[in-house]
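End of the sequence shown sits at 144 in the numbering used here; the numbers just go up one at a time, nothing left out. Don't be surprised by glycine CBs; every beta carbon is placed ideally from N, CA and C. Every value quoted in this text rests on a predicted model; they were computed, and no experiment measured them.
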Amino acid sequence: MTTDVTFEYDESVIGVEVPIGAEEVTAEKIATFCSALGESNPIYTDPAAALAGGYTGLVAPPAILQTLRLDPAPSAKVKFGNTAFHSGMRFEVVEPVLAGDTISVSAQVKEVYAKTGRTGTMVFAVTKFTYRNQHGRTVANTESSTVHRQVER
């Protein structure tokens, strides 16, 4: 259900794509990531298995993109409520990230909207992240939502 609640945010950032960083995904970074998570899929841990699987090199697990060191994403600076929290993420893999790829990331505030649920009114800010390799091809897209709401203390 949508509501006519009043809230403020910076409308000038909606839809404006901003570069927020780039980082090389090295074989060492992949190995460290896989070791930390107990990942044993051979396309992530064995270059020969990745080649045998039809890839041109060692493949990075898609979630490794969440470990890239980036600048802060643009913010809609929502003014509503007294608390905010991460409410979810959608992750779309477009093509594999390989060891040696340099991934550039851009972000944009996609939308800000209000909804009323059983616990009251919430304002959602949705940010889209686009991950591109050194060839300019999109390898992944994510959308991250933040909820702003009033919580009684």
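Whole angstroms is fine: what's the gap from residue i's alpha carbon to residue j's?
i    : j    : result
Q125 : G91  : 10 Å
K68  : Y0   : 5 Å
V138 : I34  : 37 Å
Q57  : E14  : 12 Å
I94  : E143 : 42 Å
K101 : N73  : 22 Å
H77  : Y46  : 34 Å
G29  : V50  : 16 Å
Going by other Cβ atoms of all chains shown within 10 Å of its Cβ, with 16 needed for buried, is residue i buried or exposed?
i     : result
M(-8) : For M(-8), the predicted model reports a pLDDT of 49, less than 50, meaning its position is unreliable; a value from the coordinates is still stated below. Exposed, since its Cβ has fewer than 16 Cβ neighbours within 10 Å.
P65   : buried
S3    : exposed
What residue from the options has the CA that sits closest to residue i's CA?
i   : options             : result
L89 : R109, R123 and V103 : R123
A54 : S95, I21 and T112   : I21
P87 : P52, S97 and S78    : P52
E83 : V117, E134 and A105 : E134
Since residue i is in the beta strand (DSSP E), which residue starts that stretch and which ends it?
i    : result
P38  : Unbroken run through P38 is the alpha helix (DSSP H), P38 to A43; no beta strand (DSSP E).
S26  : From DSSP, S26 is part of no beta strand (DSSP E) but of the alpha helix (DSSP H) over A18 to L28.
H126 : Looking at the DSSP string, H126 is not in any beta strand (DSSP E), and its letter there is neither H nor E.
Can you find a C-beta in chain B that's less than 8 Å from the C-beta of residue i?
i    : result
T107 : This model lacks chain B altogether, as it is built from one protein chain only.
Touching by the beta-carbon criterion (3+ pairs, under 8 Å), the segment 26 to 46 and the segment 112 to 121: Result no; under three Cβ-Cβ pairs closer than 8 Å.
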